[in-house]
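Q: One gets this note's numbering by counting positions in the sequence shown from 1 and adding 6 to each.
By construction, the Cβ of each residue, glycine as well, lies at the ideal position given by its N, Cα and C atoms.
Every value quoted in this text rests on a predicted model; they were computed, and no experiment measured them.
Pasting a structure below so you can have a look.
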Amino acid sequence: MTKALATLAVVLCLIAAAAAQTESVEPTEEPKIDQQQIRVLLDKAREATLLGKTAEAQKSLDELVEIARQGFSIKDSEVSTSILRSILDLDPRHMGALFNLAEIYRHTSPLRAVNYYNLYLEANPNSQAALFGRGSCYLGREAYSLAIADLKRLVQELNPNHIPGLTNLGLATAGRAAEKNYDPEMMKEAVGHIQRAVELAEASPEDPTAQAMLPDLRIRLARLNFNYQKILEQGSGGANFGEAVKLFGDAMKLVRQHVQSDPANPETINLLSQCYDGISGVYDAETQRNPQDPRPYLALADLVLIRTKEVDMLYAHVRSIIYLSRAIQKNPEMANLHVATARAYENLARFMAVELRMNPQAAVQKAIEAVSEAKRLDPQRADQYDQMVEKLVAATQPAKPTADTPQGESETSPALNAD
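So, in structure tokens, the structure goes:
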């Protein structure tokens, strides 16, 4: 059994409130915390506390908690932590400060976070957010039994539809299965938790958070299923690797849809890369199970070429766009930079349409937006820019799919069958 399985649940994932930290292709100006306002509110809270004016003190402290939350949202956790600790110096049982400090430490210092979650849960034992947070901290520290206790209470007693809770419960259960000599029944239970999370996300098409989580969820389901099949193979021998390949294939189809809608997002391409890694891992395991069977080797040979064609080239196009976006941040008034960006998106759109048989509309729209900005900056060449838009739209029409290749799926995709 591989070491990867033993550390299966180490990574905290799918925190519903966490935003994906990717390289932005758009320049942004982040807000800043008003330090003077913080000092004024702290002074007012101290004075009100000394005078016994509890309501006034709480009002100022609540405002400070909100400022701390804003600081964390713009990734200024140091300032947020300082504010919250100052609040707790004045009121050690301020629930807002305890919870938000625990949330900050969940991402930076899980052991500290647990202490604050404990204090918060003493007063709020049914808090779903706190149970999820503490359980996730235990998961991150590989304290699987403790994580399972919190997360089971969350999804079995309080909210059976808590998708992140089900996900982390699945990971914690898989980790505990590894600790128990790769217990097959416990690993099967872990697969069931992730499967339930996938079903809930698929049943929530109007929930943007659930839809954003779904590709990663599907990949995790495929990985856990593969690990479960490997356990069966070493035990009873009743493994079905074809099921794992199908799950990775389903995940890949979904990820490709996300690539179509957000083609310049490196995180989405990373998910696509993970799908290829997963399928390759299954076929590699098949070569060890049936050394004389040539079919897994043929599949692996195809996968190497397909991955290079799809993933590596997508990464190259996206890196080019990211570099151009950084150039625009340095000089946003240079029309030629926007023209170059439009060309980069045009190249990406053409690659998607011709080579990958994907719908390139999202990339085309980005190219048009870049040309429009160039036109605004350089109106004397408006006719030239209009012609550029006409040509790029014509040049990036999706290739007509064959009878066997639905749009959005590469005709060179490997057969999703390990049998």
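Secondary structure at residue 340, three-state DSSP: helix, strand or coil?
A: Three-state result, residue 340: coil.
Q: Could you check whether residue 309 and residue 286 sit closer than 8 Å to each other, using their CB atoms as the reference points?
A: It is a contact, given that the beta carbons lie within the stated cut-off.
Q: Below 8 Å on the Cβ atoms is my guess for residue 343 versus residue 330; work out the distance and round it to an integer in Å.
A: Indeed, because the Cβ distance is near 7 Å, the residues count as touching under 8 Å.
Q: Pick out the complete alpha helix (DSSP H) segments inside the stretch 53-126, 4 residues or longer, and give them in chain order.
A: List check, alpha helix (DSSP H) in window: 60-79, 83-96 and 101-114.
Q: Can you round the beta-carbon distance between residue 196 and residue 179 to whole angstroms, since I take them to be within the 8 Å contact cut?
A: Sure, about 4 Å apart at Cβ, within 8 Å.
Q: Would you mind working out which of 268, 225 and 398 sits nearest residue 282, comparing C-alpha positions?
A: For the residues 268, 225 and 398, the minimum Cα distance to residue 282 belongs to 225.
Q: With distances taken Cα to Cα, identify the nearest neighbour of residue 243 among 295, 265 and 389.
A: For residue 243, the nearest C-alpha among the options comes from 295.
Q: Once the 5 residues before and after residue 66 are set aside, which same chain residues still bring their CB inside 8 Å of it?
A: Counting only Cβ-Cβ distances below 8 Å, and skipping sequence neighbours, we find 47, 48, 50, 51 and 54.
Q: Note down, one range per segment and in chain order, each alpha helix (DSSP H) of at least 4 residues found wholly within the stretch 200-288.
A: Listed in chain order, the complete alpha helix (DSSP H) runs (minimum 4 residues) inside the stretch 200-288 are 214-240 and 247-267.
Q: For residue 366, which of helix, strand or coil comes out of DSSP?
A: In the structure shown, residue 366 sits in coil (DSSP, three-state: anything other than H, G, I, E or B).
Q: Between the alpha carbons of residue 372 and residue 165, how many angstroms are there, rounded?
A: Those two C-alpha atoms are separated by around 40 Å.
Q: Check this for me: beta carbons of residue 304 and residue 222, under 8 Å apart or not?
A: In this structure, residue 222 does not lie closer than 8 Å to residue 304 by Cβ.
Q: Of the choices 325, 230, 237 and 173, whose alpha-carbon is the least far from that of residue 427?
A: Only positions 7 to 425 of the chain appear in the structure, and residue 427 is not among them; the question remains open.
Q: Quick one: residues in its chain with C-beta nearer than 6 Å to the C-beta of residue 107, no 5 flanking neighbours on either side, listed in chain order?
A: These residues qualify, in order along the chain: 90 and 122.
Q: According to DSSP, is residue 147 helix, strand or coil?
A: Correct three-state label for residue 147: coil.
Q: Do you know how far the Cα of residue 205 is from the Cα of residue 213?
A: Rounded to whole angstroms, residue 213 to residue 205 spans 13 Å at the Cα level.
Q: With a CB to CB cut of under 6 Å and the five nearest residues on each side skipped, what residues in its chain are close to residue 265?
A: Answer for residue 265: 274, listed in chain order.
Q: Would you kindly check if the distance between the Cβ of residue 140 and the Cβ of residue 156 is under 8 Å?
A: Yes; because the gap between Cβ atoms is below 8 Å, this pair is in contact.
Q: Between the Cα of residue 383 and those of 337, 176 and 349, spot the shortest distance and give me the residue it belongs to.
A: Of the candidates 337, 176 and 349, the one whose C-alpha sits nearest the C-alpha of residue 383 is 337.
Q: Is DSSP giving residue 298 helix, strand or coil here?
A: In this structure, residue 298 counts as coil in the three-state DSSP scheme.
Q: By a C-beta neighbour count over all protein chains shown, 10 Å radius and 16 as the cutoff for buried, is residue 381 buried or exposed?
A: When all chains shown are included, residue 381 counts as buried.
Q: Thinking C-alpha only, which one of 268, 239, 232 and 271 is nearest residue 255?
A: Taking only the C-alpha atoms, the option nearest residue 255 is 232.
Q: Three-state secondary structure (DSSP) at residue 384?
A: It is coil, neither helix nor strand.
Q: Which residue marks the beginning of the alpha helix (DSSP H) containing residue 159, and which one marks its end?
A: Careful: residue 159 lies outside any alpha helix (DSSP H) and carries neither H nor E.
Q: DSSP on residue 31, reduced to helix/strand/coil?
A: Its pLDDT being 35, under 50, residue 31 is placed unreliably in this model, and the value from its coordinates should be taken loosely. Residue 31: coil per DSSP, three-state reduction.
Q: Given a cut-off of 8 Å, decide if residue 368 and residue 327 are closer than it, judged by their beta-carbon atoms.
A: Cβ atoms of residue 327 and residue 368: not closer than 8 Å.
Q: For residue 134, which of 228, 160, 151 and 289 has the nearest alpha-carbon?
A: Per the Cα distances, 160.
Q: With 16 as the cutoff for other CB atoms within 10 Å, does residue 267 come out buried or exposed?
A: Burial call: exposed.
Q: Contact check, residue 290 vs residue 311 under 8 Å by CB: the rounded distance?
A: With a Cβ gap of about 16 Å, residue 290 and residue 311 do not count as contacting.
Q: Please return the same chain residues whose Cβ sits closer than 6 Å to the Cβ of residue 257, not counting the five positions on each side in sequence.
A: Cβ neighbours of residue 257 beyond the five flanking positions: 224, 225, 228 and 281.
Q: In or out: residue 86 buried (at least 16 other Cβ within 10 Å) or exposed?
A: Burial call: buried.
Q: If I measure Cβ to Cβ from residue 150 and keep anything under 7 Å in the same chain, skipping five residues before and after, which residues do I get?
A: Contacts found: 15, 178, 181, 182 and 185.
Q: Would you report the Cα separation of residue 88 and residue 62, rounded to the nearest angstrom?
A: Between residue 88 and residue 62, the C-alpha separation is close to 21 Å.
Q: So, at 7 Å on beta carbons, what are the nonlocal neighbours of residue 154 in its own chain, with the 5 sequence-adjacent residues on each side left out?
A: 175, 178, 179 and 182.
Q: Hey, out of 43, 95, 59 and 56, whose CA is closest to residue 70's CA?
A: Taking only the C-alpha atoms, the option nearest residue 70 is 43.
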